[in-house]
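**Student:** The following block contains the structure, expressed as structure tokens.
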Amino acid sequence: MAQFPTPYGGSLDIWAITVEERAKHDQQFHSLKPISGFITGDQARNFFFQSGLPQPVLAQIWALADMNNDGRMDQVEFSIAMKLIKLKLQGYQLPSALPPVMKQQPVAISSTPAFATVPPLANGAPPVIQPLPAFAHPAATLPKSSSFSRSGPGSQLNTKLQKAQSFDVASVPPVAEWAVPQSSRLKYRQLFNSHDKTMSGHLTGPQARTILMQSSLPQAQLASIWNLSDIDQDGKLTAEEFILAMHLIDVAMSGQPLPPVLPPEYIPPSFRRVRSGSGVSVISSTSVDQRLPEEPVLEDEQQQLEKKLPVTFEDKKRENFERGNLELEKRRQALLEQQRKEQERLAQLERAEQERKERERQEQERKRQLELEKQLEKQRELERQREEERRKEIERREAAKRELERQRQLEWERNRRQELLNQRNKEQEDIVVLKAKKKTLEFELEALNDKKHQLEGKLQDIRCRLTTQRQEIESTNKSRELRIAEITHLQQQLQESQQMLGRLIPEKQILNDQLKQVQQNSLHRDSLVTLKRALEAKELARQQLRDQLDEVEKETRSKLQEIDIFNNQLKELREIHNKQQLQKQKSMEAERLKQKEQERKIIELEKQKEEAQRRAQERDKQWLEHVQQEDEHQRPRRLHEEEKLKREESVKKKDGEEKGKQEAQDKLGRLFHQHQEPAKPAVQAPWSTAEKGPLTISAQENVKVVYYRALYPFESRSHDEITIQPGDIVMVDESQTGEPGWLGGELKGKTGWFPANYAEKIPENEVPAPVKPVTDSTSAPAPKLALRETPAPLAVTSSEPSTTPNNWADFSSHGFWFFRESC
Numbered sequence: 001m002a003q004f005p006t007p008y009g010g011s012l013d014i015w016a017i018t019v020e021e022r023a024k025h026d027q028q029f030h031s032l033k034p035i036s037g038f039i040t041g042d043q044a045r046n047f048f049f050q051s052g053l054p055q056p057v058l059a060q061i062w063a064l065a066d067m068n069n070d071g072r073m074d075q076v077e078f079s080i081a082m083k084l085i086k087l088k089l090q091g092y093q094l095p096s097a098l099p100p101v102m103k104q105q106p107v108a109i110s111s112t113p114a115f116a117t118v119p120p121l122a123n124g125a126p127p128v129i130q131p132l133p134a135f136a137h138p139a140a141t142l143p144k145s146s147s148f149s150r151s152g153p154g155s156q157l158n159t160k161l162q163k164a165q166s167f168d169v170a171s172v173p174p175v176a177e178w179a180v181p182q183s184s185r186l187k188y189r190q191l192f193n194s195h196d197k198t199m200s201g202h203l204t205g206p207q208a209r210t211i212l213m214q215s216s217l218p219q220a221q222l223a224s225i226w227n228l229s230d231i232d233q234d235g236k237l238t239a240e241e242f243i244l245a246m247h248l249i250d251v252a253m254s255g256q257p258l259p260p261v262l263p264p265e266y267i268p269p270s271f272r273r274v275r276s277g278s279g280v281s282v283i284s285s286t287s288v289d290q291r292l293p294e295e296p297v298l299e300d301e302q303q304q305l306e307k308k309l310p311v312t313f314e315d316k317k318r319e320n321f322e323r324g325n326l327e328l329e330k331r332r333q334a335l336l337e338q339q340r341k342e343q344e345r346l347a348q349l350e351r352a353e354q355e356r357k358e359r360e361r362q363e364q365e366r367k368r369q370l371e372l373e374k375q376l377e378k379q380r381e382l383e384r385q386r387e388e389e390r391r392k393e394i395e396r397r398e399a400a401k402r403e404l405e406r407q408r409q410l411e412w413e414r415n416r417r418q419e420l421l422n423q424r425n426k427e428q429e430d431i432v433v434l435k436a437k438k439k440t441l442e443f444e445l446e447a448l449n450d451k452k453h454q455l456e457g458k459l460q461d462i463r464c465r466l467t468t469q470r471q472e473i474e475s476t477n478k479s480r481e482l483r484i485a486e487i488t489h490l491q492q493q494l495q496e497s498q499q500m501l502g503r504l505i506p507e508k509q510i511l512n513d514q515l516k517q518v519q520q521n522s523l524h525r526d527s528l529v530t531l532k533r534a535l536e537a538k539e540l541a542r543q544q545l546r547d548q549l550d551e552v553e554k555e556t557r558s559k560l561q562e563i564d565i566f567n568n569q570l571k572e573l574r575e576i577h578n579k580q581q582l583q584k585q586k587s588m589e590a591e592r593l594k595q596k597e598q599e600r601k602i603i604e605l606e607k608q609k610e611e612a613q614r615r616a617q618e619r620d621k622q623w624l625e626h627v628q629q630e631d632e633h634q635r636p637r638r639l640h641e642e643e644k645l646k647r648e649e650s651v652k653k654k655d656g657e658e659k660g661k662q663e664a665q666d667k668l669g670r671l672f673h674q675h676q677e678p679a680k681p682a683v684q685a686p687w688s689t690a691e692k693g694p695l696t697i698s699a700q701e702n703v704k705v706v707y708y709r710a711l712y713p714f715e716s717r718s719h720d721e722i723t724i725q726p727g728d729i730v731m732v733d734e735s736q737t738g739e740p741g742w743l744g745g746e747l748k749g750k751t752g753w754f755p756a757n758y759a760e761k762i763p764e765n766e767v768p769a770p771v772k773p774v775t776d777s778t779s780a781p782a783p784k785l786a787l788r789e790t791p792a793p794l795a796v797t798s799s800e801p802s803t804t805p806n807n808w809a810d811f812s813s814h815g816f817w818f819f820r821e822s823c
């Protein structure tokens, strides 16, 4: 088994648990709040996980420490587990079986003799450590040493071993009490345990420095405190060293000066003997007086060796070295044997004392546990008696409460039964009233249906008259187109005549020039007569053409007057039609509002009726439930069948009412839909005056038609909306007003509304050619007649093409406007 080597050549078992370790383990054990002197596996597992060891290692430690395999730990098993965890953290391998020394009582670390340094031998051998007993006379002094002396070259080496004096073991003086108060020990012990996370038993320099710096003392004082408290000078602070350092900080903060050397009463008890924790021997406050015994035999031998002349210096040196080694070995063995016996004696005494204290503590704990159990038993008995009395009192109160509740329930049932009977009678009266109202509403609905049929007949007559007027307008348009064609033909003839006149004027000028030349020369009179005759013929032809032109102009004026008359008649017809449409729309709107009001009243009455029936059914149901509770032992089956029949009747009645209500709503919806069809936007009818009436110049200027390209698909949801697809080009009149975010336009002969953010506006220069309206051009140049008299020129010009949705075109002649509907 592995052992720690000791400085004096002995050995200590590393598996042995010291008293300090056991005390620390007991403190940690009680901090886990054991139950009946044991801690459970969960408590120990959570505590052991703080060591940072893997779970398999902790499982092996548990198997070794749990000696009775009961799944829980007492103080001894917990101390063994903590010792194994500490050794594992220090790098030792876990044993396969639990060492027997760990099962024994904790071993007290005995006071071991300190070591004094033996000076070098005269023969140049290295100094050896000379142990000193821990309890020696205070006046003892260290042994003196001798060295080699040479008087000159060739002088003999004069060596003498110093006489050693035997050491005297004086009586042990009383050990002074530690100057650190008990309260400070407990406080700083807890602080030390809170910072010793790895349970190594010491704090490193950085850890201790962090804690000491919190006192805000100067660096010089903290350094002095560190030198005083770090007794073994290993750069680490054990628990007692840490307590001493914190106590010295308290002394410095109270204003007292720090001692230059640590006083004996400040030395911790464990440092008044050799401490196994740090592995360094410390000399106690009492020095040891050791004197080596005189040995005359060695002196005689030395004198005899000096008298022998043949012996060389090397031989003397070797013999001296061997004798010194033998003497040192004898003294070392004697001291080790004495130390071992002293350690065994002190360990035995400390073990016996610890066992006695443990037995006393266990006896006190057992007595306290018995006393506590007796008190708990008495308390439980008293609690049982009080609980029994309280339970009986509660039972009496519950019985009285149940009796009162039963009386109140009976009284309430009697009152409730009478109230339900009264409510039932009242609800039956309400049902009779509602049935009468239902009959009245049915009669009103029949009257409304009759009125609807009458309105449908009137609407059919209006549609017939409208069809007749449309046919008349179409015939008027056809005759107007024929007249326009005749006017166009006459204008072409007029243009040809003007062109012919234009050709004849230069010829006339040429003939006049020739005539002048003939008159000047007075020659060729025959040719002059011929020319004059030709001139007369030309003049006659021109006069005939002028007459023809006058006739054409007269005929044109008459045709234009007829067209004007037709336009006036058409305008009157449109005004009459618009008035009829407005009156019809107003009457239909009034009828629709009245119909809606009637429908709303019907729905409200139906809801009131359903609510009354529902309340009546609920009351009947409640009444039936009470009656059923009273007679459940006599007539359960009959009541169940009656309730089932009533439910079926109510369901059938409700289904019939809902069906009649749905049919009435469908009829009203169809009637409303038929009434709304004539009231569609006027942009669909070619005879509408809102947008397509006889245009004046001001009305035509207010119409602003643009084109939009659809970006997203939109499905029409009602009759006044149009369906668009991405890429469709819609013609929109921006002058019309509608709901915000909606545009009215025409697409594929259909007009309606669509969302404005579903399409984008197309500039005029990007509008495709097939979409642009067709322009009827009838304009022709009208050259002036350069004759003797210049008549007023007749000009028939064509106006700009209209941009209305149905390709309306207008023509201007003599200040008159007329229109033509494009095919």
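Just so we're aligned: 18 in UniProt numbering is position 18 of the sequence shown, and the numbers increase by one with no gaps anywhere. Don't be surprised by glycine CBs; every beta carbon is placed ideally from N, CA and C.
1. Who are the near neighbours of methionine 213 in its chain, counting only those whose CB is closer than 8 Å to its CB and skipping five residues on each side?
2. What would DSSP say about glycine 255, mapped onto helix, strand or coil?
3. Are three or more beta carbon pairs between the segment 584 to 598 and the segment 499 to 510 nearer than 8 Å?
4. At a cut-off of 7 Å, is glutamate 591 close to the ligand ZN when judged by its beta-carbon and the heavy atoms of the ligand?
5. Give me, in chain order, the residues of the same chain whose beta-carbon lies closer than 8 Å to that of glutamate 562; leave out the 5 immediate sequence neighbours on both sides.
6. With DSSP as the reference, please indicate the residues paired to valine 19 in a beta bridge.
7. Just to confirm before moving on: does the CB-CB distance between leucine 570 and isoleucine 473 stay below 8 Å?
8. Determine the direct distance from the alpha carbon of tyrosine 188 to that of glutamine 90, and round the result to whole angstroms.
9. Quick check on DSSP: helix, strand or coil for alanine 63?
10. If you draw a straight line from the alpha carbon of proline 119 to that of glutamate 337, how long is it in whole angstroms?
11. Going by Cα to Cα distance, which pick from Gly205, Val706 and Glu760 is closest to glutamate 734?
12. Alpha carbon to alpha carbon, how far is glycine 749 from leucine 737? Give it in angstroms, no decimals.
13. Determine whether the beta carbon atoms of residue 826 and tyrosine 92 lie at a separation below 8 Å.
14. Any idea what DSSP makes of isoleucine 14, helix, strand or coil?
15. Using a Cβ-Cβ cutoff of less than 6 Å, which residues in the same chain neighbour glutamate 789 once the five nearest sequence positions on both sides are dropped?
16. Could you check if valine 730 is buried or exposed, using at least 16 other CB atoms within 10 Å of its CB as the buried criterion?
17. Compute the distance between the beta-carbons of alanine 60 and leucine 94, then report whether it is under 8 Å.
18. With a threshold of 7 Å on Cβ separation, who are the neighbours of lysine 559 within its own chain once the five nearest residues in sequence on each side are excluded?
19. From which residue to which residue does the alpha helix (DSSP H) around lysine 83 run?
20. Would you kindly check if the distance between the Cβ of glutamate 427 and the Cβ of alanine 612 is under 8 Å?
21. Return the chain-ordered list of same chain residues with a C-beta closer than 6 Å to the C-beta of valine 732, the five sequence neighbours on each side being excluded.
22. Express the C-alpha separation of phenylalanine 192 and phenylalanine 242 in angstroms, rounding to a whole number.
23. Should tryptophan 15 be labelled buried (16 or more other beta-carbon atoms within 10 Å of its own) or exposed?
24. Beta carbon of glutamate 240, beta carbon of serine 270: below 8 Å?
25. Quick check: the Cα distance between arginine 546 and proline 763, rounded to an integer number of angstroms?
26. Measuring straight from C-alpha to C-alpha, what distance separates aspartate 66 and alanine 97?
27. Using beta-carbon positions only, say whether leucine 258 and serine 224 come within less than 8 Å of one another.
28. To the nearest angstrom, report how far apart serine 79 and arginine 386 are at their CA atoms.
29. From the DSSP output, in three-state form, read off residue 827 for me.
30. Identify whether aspartate 450 lies in helix, strand or coil by the three-state DSSP scheme.
31. By how many angstroms is the C-alpha of glutamine 491 removed from the C-alpha of lysine 516?
32. Excluding the five sequence neighbours on either side, which residues of its own chain have a C-beta within less than 7 Å of the C-beta of histidine 202, listed in chain order?
33. Decide if the segment 530 to 541 is in contact with the segment 507 to 516; the criterion is three or more beta carbon pairs, one per stretch, under 8 Å apart.
34. Name the residue from Ala81, Glu371, Gly37 and Gln423 whose alpha carbon lies nearest to the alpha carbon of glycine 63.
35. DSSP state of alanine 710, grouped into three classes?
36. Taking Cβ to Cβ, would you say aspartate 728 is nearer than 8 Å to alanine 756?
**Tutor:** A quick look at the data gives this:
1. Leu222
2. coil
3. no
4. Of the ligands one can find in the structure shown there are none, so the ligand ZN has no counterpart to examine.
5. Arg483
6. Answer is none; valine 19 lacks a bridge partner.
7. For leucine 570 and isoleucine 473, yes; Cβs fall inside 8 Å.
8. Taking the straight line joining both Cα atoms gives about 25 Å.
9. Of the three classes helix, strand and coil, the one that applies to alanine 63 here is helix, per DSSP.
10. With a pLDDT of only 35 at proline 119, under the threshold of 50, the placement of this residue in the model should not be trusted, and no figure is reported.
11. Val706
12. Residue identity check: residue 737 is threonine in the sequence provided, not leucine. Whole-angstrom Cα-Cα distance: 21 Å.
13. The displayed coordinates of the chain run from 1 to 823. Any statement about residue 826 would go beyond what the structure contains.
14. coil
15. Low local confidence applies: a pLDDT of 37 at glutamate 789 is under 50, so the model's placement there is unreliable, and no value is given.
16. Buried: at least 16 other Cβ atoms inside 10 Å.
17. As written in the sequence, residue 60 is glutamine, which differs from the alanine given in the question. Yes, the Cβ-Cβ distance between glutamine 60 and leucine 94 is below 8 Å.
18. Arg483, Glu486 and Ile487
19. 75 to 89
20. Yes, these two residues count as a Cβ contact at 8 Å.
21. Val706, Tyr708, Leu743 and Gly745
22. 7 Å
23. Result: buried.
24. yes
25. 51 Å
26. 12 Å
27. yes
28. 44 Å
29. Examination of residue 827 is not possible in this model, given that the chain is present from 1 through 823 alone.
30. helix
31. 37 Å
32. For histidine 202, where only same-chain residues beyond five positions count, the Cβ hits under 7 Å are Lys236, Leu237 and Thr238.
33. yes
34. A small fix is needed here, since residue 63 is alanine in this sequence, not glycine. Looking at the Cα atoms, Ala81 is the closest of the given residues.
35. strand
36. no
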